[in-house]
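Q:
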Amino acid sequence: MEWVTGNLDLIGSLTLDHLRQSVIAIAAGFALSLPLGWVAWRYRLLRGWVITVTGLLYTIPSLALLMILPVVAGYPATSETNLVIALTIYAVAIMVRAVTDGLDAVDPAVRRSATAVGYGDARRFWAVDLPLAGPVILAGLRVTAVSTISLATVGILVGVTNLGYLFTNGLQRRIIPEVLAGIVAVALVALLIDLLLMLAGRALMPWARAEAPRRSSTAAEAAA
Amino acid sequence: MIEFRNVTKRFPDGTVAVDAFDLVIPSRKTTVFVGSSGCGKTTLLRMINRMVEPTGGTVAIDGEDVASKQAVALRRSIGYVMQNSGLMPHFTVAENIATVPRLTGRTRRAARARALELMDVVGLDTAMADRYPSQLSGGQQQRVGVARGLASDPNILLMDEPFGAVDPIVRAELQRELIRLQRDLDKTVVFVTHDVDEAFLLGDQVAILAKGARRLQFGSPSEITEQPADDFVAAFIGAERGKRALRVKQTPHGPVLVDAEGRTQGVLVEGGA
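Protein chains in written order, with my numbering: chain Z, 15 to 238; chain Y, 470 to 742.
1. Kindly list, in the order they appear in chain Y, the residues whose Cβ is closer than 7 Å to that of Z:A214.
2. Starting from the beta carbon of Y:L572, find every residue of chain Z whose beta carbon is closer than 8 Å, and list them in chain order.
3. Which of helix, strand or coil does DSSP assign to Y:F701?
4. What do you reckon, are the CB atoms on Y:V665 and Y:G707 nearer than 8 Å?
5. So is Y:N624 in contact with chain Z if we call contact Cβ pairs under 8 Å?
6. For the alpha helix (DSSP H) containing Y:G614, name the first residue and the last one.
7. Please state the DSSP three-state secondary structure of Z:L30.
8. Do Y:R571 and Y:A580 have their CB atoms nearer than 8 Å?
9. Alpha carbon to alpha carbon, how far is Z:A39 from Z:R125? Give it in angstroms, no decimals.
10. Measuring CB atoms only, is the stretch 501-508 of chain Y touching the stretch 652-666 of chain Y, in the sense that at least three cross pairs come out at less than 8 Å?
11. What are the start and end residues of the beta strand (DSSP E) that includes Y:L726?
12. Taking the alpha carbon of Z:V113 as the point to measure from, which residue in Z:I65, Z:L22 and Z:G169 has its own alpha carbon closest?
13. What residue does the beta strand (DSSP E) around Y:N475 start on, and which one ends it?
14. In terms of residue numbering, what span does the beta strand (DSSP E) encompassing Y:Q429 cover?
15. Taking the C-alpha atoms as reference points, what is the distance between Z:R229 and Y:G607?
16. Starting from Y:E533, follow its DSSP beta bridges and name the residues at the other end.
17. Who are Y:G549's beta bridge partners in DSSP?
18. Give me the chain Y residues within the contact set of Z:A217, using Cβ-Cβ distance strictly less than 7 Å, ordered along the chain.
19. Going by C-alpha distance, which of Z:L180, Z:T102, Z:L33 and Z:G169 is nearest Z:N21?
20. Between the stretch 546-568 of chain Y and chain Z, which residues of the former have CB atoms less than 7 Å from a CB of the latter, in chain order?
21. Starting from Y:F687, trace the alpha helix (DSSP H) both ways and give me its first and last residue.
22. Return helix, strand or coil for Y:D491, following the three-state DSSP convention.
23. Measuring straight from C-alpha to C-alpha, what distance separates Z:Y72 and Z:T158?
24. DSSP beta-bridge partners for Y:V736?
25. With a 10 Å radius around its C-beta and 16 neighbouring C-beta atoms as the bar for buried, classify Y:S506 as buried or exposed.
26. Could one say the Cβ of Y:K478 lies closer than 8 Å to chain Z's Cβ atoms, at least one of them?
27. Which of the residues in the stretch 101-131 of chain Z, read from start to end, lie with their CB under 9 Å from any CB of chain Y?
28. Look up Y:I677 in the DSSP assignment and give the residues it is bridged to.
29. Please identify the residue among Y:A704, Y:T733 and Y:F705 whose C-alpha is closest to the C-alpha of Y:R716.
30. From the DSSP secondary-structure annotation, give me the bridge partner or partners of Y:G525.
31. Using a Cβ-Cβ distance cut-off of 8 Å, determine whether Y:R617 contacts chain Z.
32. Please compile the residues from chain Y whose C-beta is within a distance smaller than 7 Å of the C-beta of Z:A224.
33. Rounded to a whole number of angstroms, what is the C-alpha to C-alpha distance between Y:G723 and Y:G735?
34. Can you list the residues of chain Y that Z:L142 reaches, using a CB-CB cut of under 7 Å?
35. Compare the C-beta of Y:R544 with all C-beta atoms of chain Z and state if any pair is closer than 8 Å.
36. Under 6 Å Cβ to Cβ from Z:T182, same chain only, skipping five residues before and after it: list those, please.
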């Protein structure tokens, strides 16, 4: 505990680095997964390919990816870009499937109804399909966020500094509280982001909460 | 006026849902398509707003082929009410009703005002405006569906078994309400159902359809009851049973009408219209 109180500045700045790297990767992964997931949903023939190929990305060992990417793309392995791009790839691997599943989960009757009252295709996608796919996409995004934040620590092995530093440094110097502080900090960051995503979901999709629990009470009202 | 001229719909798998169908649907009347499920009645309805494109023949509204109109604009100009309401689960009641006005560019405020006005018209408490469809009963959802269909004040209202999924008591209530609405609004209503009683209750004109949308008979409920085109129609409308096969029974208080089971269905009033 003494180590922690004496190094709050270090933990604070590492946490900010960690947050920055993770949040950029999560956001980029989400942005890339929307069109990819849509393509997989819209074009049956491409579906198997897109889902399988993006899913396979997750099987690439992270350390290997962090060392291969700089060679292929020509940036230094120690740059933050290297880690952010690797994390984005893993985020895409999880998110594409969530987007496709989410769009699949939209009731075809609602979609048909939207068309029948005069939504054009593009407008229907943004106003009907995407919001209704929201709960499933959000579930995928929350898994992605937590997994990305935890995975980001591996960056320290190729020299990208973040909360992972507390693990390697703590182990080398045999300071167990430092390692524990790292674990707790990563968990707190993950919980914080997860909480923010959950709150954002509630704010953006108030209808999703109205759906299930009220049903029994409205049935009673109707009977009355 | 909606005209079907030699309309055929053959689906890619080879089934012929509609085979050379001809019909003129008069304006400002309620026309009901009634038939067993799979007879092509819903396909006919969906061809009016181009949800389904015919593979042969034309559908015309006031003499203009619908195929020549832009599909999205056409659909916005025609009210559509479907089974299970078809409401957007993520829109509130008011947003659902305001859908078409919003699509056609009305401001949020104007569209909401219109939605509240329509809630009144269809008999919904405006206190429900900000609830979600899942928080309403089936009958209330169906009223919202009707209000949404009326929101852009269309000349034509298409109704695809709109009361099929609600219980009989609510259904009867909604049917009475629709009759009242139609008296006030005077729309061209095309209504699809498999329920003969509903068809005869609501329709000014009823088309009885068999598989392939083959027209067995088209006429007013009275015409069809008085003179069924053939034995199939007679059986389909139940001419030999229930409250459509009544005989006179003399009682000390005057003549009454009884059905095949001997239950008294009404009193015979002499000299009535």
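Ideal Cβ positions, reconstructed from N, Cα and C, are used throughout, including at glycine.
A: In short:
1. In the first sequence, counting from the first residue as 1, residue 214 of chain Z sits at position 200. Ordered by position in chain Y, no residue passes the 7 Å Cβ test against Z:A214, which lies about 15 Å from the chain.
2. The count along the second sequence starts at 1 and reaches residue 572 of chain Y at position 103. In chain order: V131, G132, Y133 and R137.
3. Here residue 701 of chain Y refers to the residue found at position 232 when the second sequence is read from its first residue. In this structure, Y:F701 counts as helix in the three-state DSSP scheme.
4. Your numbering for residue 665 of chain Y matches position 196 in the second sequence. Your numbering for residue 707 of chain Y matches position 238 in the second sequence. Closer than 8 Å, so yes.
5. Walking along the second sequence from the start, residue 624 of chain Y turns up at place 155. Cβ-Cβ to chain Z under 8 Å: no for Y:N624.
6. As a first step, residue 614 of chain Y is located in the second sequence; it is residue number 145 there, counting from the start. Counting along the chain, the alpha helix (DSSP H) containing Y:G614 begins and ends at G607 to L619.
7. Mapped onto the first sequence, residue 30 of chain Z falls at position 16. If DSSP states are grouped into helix, strand and coil, Z:L30 belongs with the helices.
8. Against the second sequence, residue 571 of chain Y aligns to sequence position 102. Against the second sequence, residue 580 of chain Y aligns to sequence position 111. Contact flag set, yes.
9. To locate residue 125 of chain Z, count along the first sequence from 1; it is residue 111. To locate residue 39 of chain Z, count along the first sequence from 1; it is residue 25. C-alpha separation (whole angstroms): 32 Å.
10. yes
11. The count along the second sequence starts at 1 and reaches residue 726 of chain Y at position 257. That run of the beta strand (DSSP E) goes G723 to V727.
12. As a working note, residue 113 of chain Z is residue 99 in the first sequence. Considering only alpha carbons, the answer is Z:I65.
13. Position 6 of the second sequence holds residue 475 of chain Y. Its beta strand (DSSP E) spans residues I471 to R479.
14. Residue 429 of chain Y lies beyond the range of chain Y shown here (470 to 742); nothing can be said about it.
15. In the first sequence, residue 229 of chain Z corresponds to position 215, counting from 1. In the second sequence, residue 607 of chain Y corresponds to position 138, counting from 1. In this prediction, Z:R229 scores a pLDDT of 44, lower than 50, which makes its location untrustworthy; no coordinate-derived value is stated.
16. Residue numbering aside, residue 533 of chain Y sits at position 64 when the second sequence is read from its first letter. Y:I530.
17. Stepping through the second sequence from its first residue, residue 549 of chain Y is reached at position 80. The sequence given here places Tyr at residue 549 of chain Y; Gly does not occur at that position. DSSP, once it has assigned bridges, lists Y:L627 as partnering Y:Y549.
18. Counted from its first residue, the first sequence places residue 217 of chain Z at position 203. Neighbours of Z:A217 on chain Y: none; closest Cβ ~13 Å, over 7 Å.
19. Position 7 of the first sequence, counted from the first residue, corresponds to residue 21 of chain Z. Minimum Cα distance to Z:N21 is reached at Z:L180.
20. Y549, M551, N553, G555, M557, P558, H559 and T568
21. Counting from 1 along the second sequence, the entry for residue 687 of chain Y is found at position 218. Note, Y:F687: premise wrong, no alpha helix (DSSP H); beta strand (DSSP E) at R683 to G688.
22. Taking the second sequence and counting its residues from 1, the one referred to as residue 491 of chain Y is at position 22. The answer is strand: DSSP assigns Y:D491 an E or B state.
23. Counted from its first residue, the first sequence places residue 72 of chain Z at position 58. Counted from its first residue, the first sequence places residue 158 of chain Z at position 144. Computed Cα separation, rounded: 12 Å.
24. Taking the first residue of the second sequence as position 1, residue 736 of chain Y is located at position 267. Y:V736 is bridged to Y:V725.
25. On the second sequence, position 37 is the one that residue 506 of chain Y refers to. So Y:S506 ends up on the exposed side.
26. Locating residue 478 of chain Y in the second sequence gives position 9, counting from the first residue. Output row for Y:K478: interface = no.
27. D121, A123, V124, R126, S127, A128, T129, A130 and V131
28. For the purposes of this step, residue 677 of chain Y is identified with residue 208 of the second sequence, where counting begins at 1. Answer by DSSP bridge pairing, in chain order: Y:V503 and Y:Q686.
29. Indexing the second sequence from 1 puts residue 716 of chain Y at position 247. Closest option to Y:R716, Cα to Cα, is Y:T733.
30. On the second sequence, position 56 is the one that residue 525 of chain Y refers to. In the DSSP output, where bridge partners are listed per residue, Y:G525 has Y:T477.
31. Here the question's residue 617 of chain Y lines up with position 148 in the second sequence. Answer yes: the Cβ-Cβ gap between Y:R617 and chain Z drops below 8 Å somewhere.
32. The residue labelled residue 224 of chain Z in the question sits at position 210 within the first sequence. Y601, S603 and Q604, listed in chain order.
33. Here residue 723 of chain Y corresponds to residue number 254 of the second sequence, with the count starting at 1. Here residue 735 of chain Y corresponds to residue number 266 of the second sequence, with the count starting at 1. Cα-Cα distance, rounded: 11 Å.
34. Along the first sequence, one-based indexing puts residue 142 of chain Z at 128. Reading the sequence as shown, one finds Val at residue 142 of chain Z and not Leu. What Z:V142 touches in chain Y: M557.
35. Position 75 of the second sequence holds residue 544 of chain Y. With 8 Å as the cut-off, Y:R544 counts as an interface residue toward chain Z.
36. Reading the first sequence from its first residue, position 168 is the one you call residue 182 of chain Z. Closer than 6 Å at the Cβ level, and outside the excluded window around Z:T182, lie I170.
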